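If you read the sequence shown in the working numbering, its first letter stands for residue 21, the second for the next number, and so on.
Every residue gets a Cβ at the ideal spot worked out from N, C-alpha and C, and that includes glycine.
These numbers come from a predicted model, not from an experiment.
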Amino acid sequence: MAQAIAPVEPVQTWRRFLTQETIVTVIVGLIVAVAVILPLITLVVSSFLVLDDLGFDTEWGLENYILLYTDRVIPKAIFNTFIISSGTMILATFLGVSLAWINARTNCPWADYLEPYNLIPFFLSPFVGAIAWHNLASPRIGLLNVWYRDFFGAEGYLLNVDNLWGVIWVTGLFFTPLVYLFVIGSLRRMDPSLEDSARTTGAGLLRTTLTITLPLVTPAILSGAIIVFVTSAGEFGVPFKLAAPYGWETLTTQIFTKAVGDDANHYLGATMSMVLGVITVILIWVQRVYIAPRSYTTVTGKGFRPNVLDLGKWKWVAFGFNLSYIFVAVVLPIFCLFIVSLHPVWTAEIIPSDMSMNNYVKTLFWWREDSIRAATDGIINSFILAFSGASIAMVLALVVSYMIHRTKGFGSKLLDILCVIPIGFPGIVLAMGVLVTYIQTPIYATLWILLLGYITRFFPYGQRNIASIMLAISEELDQSSRMSGATWFTTLRRITIPLLKPGIFAGWVLLFV
21 MAQAIAPVEP VQTWRRFLTQ ETIVTVIVGL IVAVAVILPL ITLVVSSFLV LDDLGFDTEW
81 GLENYILLYT DRVIPKAIFN TFIISSGTMI LATFLGVSLA WINARTNCPW ADYLEPYNLI
141 PFFLSPFVGA IAWHNLASPR IGLLNVWYRD FFGAEGYLLN VDNLWGVIWV TGLFFTPLVY
201 LFVIGSLRRM DPSLEDSART TGAGLLRTTL TITLPLVTPA ILSGAIIVFV TSAGEFGVPF
261 KLAAPYGWET LTTQIFTKAV GDDANHYLGA TMSMVLGVIT VILIWVQRVY IAPRSYTTVT
321 GKGFRPNVLD LGKWKWVAFG FNLSYIFVAV VLPIFCLFIV SLHPVWTAEI IPSDMSMNNY
381 VKTLFWWRED SIRAATDGII NSFILAFSGA SIAMVLALVV SYMIHRTKGF GSKLLDILCV
441 IPIGFPGIVL AMGVLVTYIQ TPIYATLWIL LLGYITRFFP YGQRNIASIM LAISEELDQS
501 SRMSGATWFT TLRRITIPLL KPGIFAGWVL LFV
């Protein structure tokens, strides 16, 4: 007698989705969403809140947006911000593309040795550059202007960076590496046969570069230019040092003014931050619309051997251009800061008898009675925030990257989108969002809110760094580990992390700086 076979129960849908990877992805996604989306939502809501005449109660309204056009200062600040962002974008794009082309596509002498120095401004704060160039080219105390007056016996000044053009000059120099990094990779991966074909038809070097080379790397150029525009629009330190004290207000300096002080109006500051946010969204949309319909494929299945263009005698001009950028962006500012730091009081003159290491002793040796306590506390707090922020951000970036590119659990695509958002928004916008979100919590006015802001702002850069390396590692290693019975966490700990150690360390150093 045949026995009845019990039907196999189908796997329940909820069990198929409720895996360990999915649970972790959802938890990590919630953490990222709270860190990224919540401040932006709070920022939008706060922009529609209006303080009453006494400054205590709020009500819904559009008065903050109306004030953007009727206020005496804010419209000028918006216009100045647009001028600075546009000028910085043009200068940084010209310098970045030129340097990338010289180092990647030409026979410029010692290009391999000069390339690392082109990236040094990327690791220096633009605010540091603003301080340096203020001491170099301020009309009254600028070292270069003092030398000009002493050498030529002239009156007045030769250079002046204490205005909008000075802001454009400094931010353009220090944001050049952003464009450089975007473009140089595309130039090195480009098939040189395209340029060779143009040269064989009689096109000169300049025409080939302008009509063949640069158009093919348009996506990289456009991406770098937009990032520079957005970043310079959100830059606070440079205009605060070089422009605001002399009557040139920008959106960031106005946001700072509205966010601090006895008459602070965080809601108006949130509204001005929304202006930067809207500009960012529009630029990202323009980039996608412009690039998406076009084809820029230069790397195909056909192999090629990269070569360089022979500039002939012009290679020394290219070398001089490369060296000049390093001189004005790296050597001159660092030299000026070092010389100024050796004087007890800077009088725009180098006085060897006054030079000493006393400022360093008072700043670094906090246990001395004559130490500058505010400076030592600032250095200590900066190192605490840099170390803890970089460490936490890289741990979060590692887990997020693994969830997105290895487990591909439920919600991984949404998690990937969340990680892109902080990259597209200026830092001042995210900072204002964090401020209005946590202003009534215990972490307000503590290191904790700074730590949260830093992690929110910079962890996507660590995530992108890890993701780029993870995508270059075959998934077969992870799959073999999982087939052997290892959990995702064991695979991450014993397989993935050891392979990613160089990238993790590089990302940590980047976030620390």
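Anticipated Cβ contact below 8 Å, residue i with residue j, distance rounded
i    : j    : result
G453 : P59  : 3 Å
V199 : A131 : At roughly 17 Å, the Cβ-Cβ gap does not stay under 8 Å, so V199 and A131 are not in contact.
V54  : L438 : The pair is not a contact, with the Cβ atoms about 10 Å apart (cut-off 8 Å).
W153 : P353 : 6 Å
L184 : W268 : 5 Å
D498 : I515 : 6 Å
S106 : V456 : Going by Cβ atoms, the distance from S106 to V456 rounds to 29 Å, so no, they are not a contact pair.
L303 : A97  : Not really, about 19 Å apart at Cβ, beyond 8 Å.
L520 : L467 : Not quite, the Cβ-Cβ distance comes to about 29 Å (not below 8 Å), so this is no contact.
S243 : I104 : Going by Cβ atoms, the distance from S243 to I104 rounds to 20 Å, so no, they are not a contact pair.
Cα-Cα separation, residue i to residue j
i    : j    : result
L134 : F355 : 18 Å
G332 : I122 : 13 Å
L82  : I61  : 17 Å
L71  : I469 : 24 Å
E79  : N285 : 13 Å
V298 : Y266 : 28 Å
G289 : I424 : 35 Å
L50  : L435 : 9 Å
R208 : F114 : 18 Å
E255 : V337 : 33 Å
F580 : V187 : It is not possible to answer for residue 580, since the shown part of the chain is limited to 21 through 533.
N127 : F339 : 9 Å
A150 : M414 : 30 Å
P372 : I161 : 18 Å
R169 : W366 : 17 Å
F260 : R426 : 44 Å
V237 : T228 : 13 Å
V258 : V190 : 8 Å
I140 : L87  : 41 Å
S500 : T45  : 21 Å
Simplified DSSP assignment, three categories, for residue i
i    : result
E269 : coil
E135 : helix
T507 : coil
L178 : coil
W80  : strand
L491 : coil
T126 : strand
V70  : strand
L329 : strand
S408 : helix
Q499 : helix
A312 : Confidence is the limiting factor: at A312 the pLDDT is only 49, short of 50, which leaves the residue's position unreliable, though a coordinate-based value still follows. Reduced to three states, the DSSP call for A312 is coil.
V187 : helix
F479 : helix
G323 : Its pLDDT being 48, under 50, G323 is placed unreliably in this model, and the coordinates cannot settle the point.
H363 : coil
Y380 : helix
T318 : With a pLDDT of 48 at T318, under the threshold of 50, the modelled position of this residue cannot be trusted; read the value that follows with caution. Note: T318 maps to coil in three-state DSSP.
R169 : helix
N285 : coil
A413 : helix
M375 : coil
S402 : helix
Residue i and residue j closer than 9 Å at C-beta
i    : j    : result
F480 : P442 : A quick correction: the sequence has Pro, not Phe, at residue 480. Yes, they are a contact pair.
F407 : F532 : yes
V48  : V419 : yes
V348 : L262 : no
L296 : F99  : no
A368 : K382 : no
V306 : L234 : no
G482 : A451 : no
I94  : M292 : yes
A240 : S206 : yes
F102 : N84  : no
S361 : Y380 : yes
M536 : V166 : Residue 536 lies beyond the stretch modelled for the chain, which goes from 21 to 533, so this question has no answer here.
L193 : Y345 : yes
I489 : G523 : yes
Near the ligand FMN: residue i beta-carbon under 8 Å from a heavy atom
i   : result
T45 : With respect to small molecules bound, the structure shown includes none, and the ligand FMN cannot be examined in it.
Cut-off 7 Å between Cβ atoms - residues of its own chain near residue i, not counting five sequence neighbours on either side
i    : result
A410 : W528, L531, F532
I204 : A120, N123, A124
6 Å Cβ shell around residue i - same chain, five flanking residues per side excluded
i    : result
L512 : Y422
M109 : A245, V248, F249
Contacts around residue i, its chain only, beta-carbon distance under 8 Å, and the 5 residues preceding and following it disregarded
i    : result
V129 : Residue identity check: residue 129 is Pro in the sequence provided, not Val. If we look at P129 and ignore the five residues flanking it on each side, its Cβ neighbours are K335, W336, F339.
G323 : Caution is warranted here: a pLDDT of 48 is assigned to G323, below 50, making its placement in the model unreliable, and the coordinate value is therefore given only provisionally. Around G323: no qualifying Cβ.
Y137 : I346, V350
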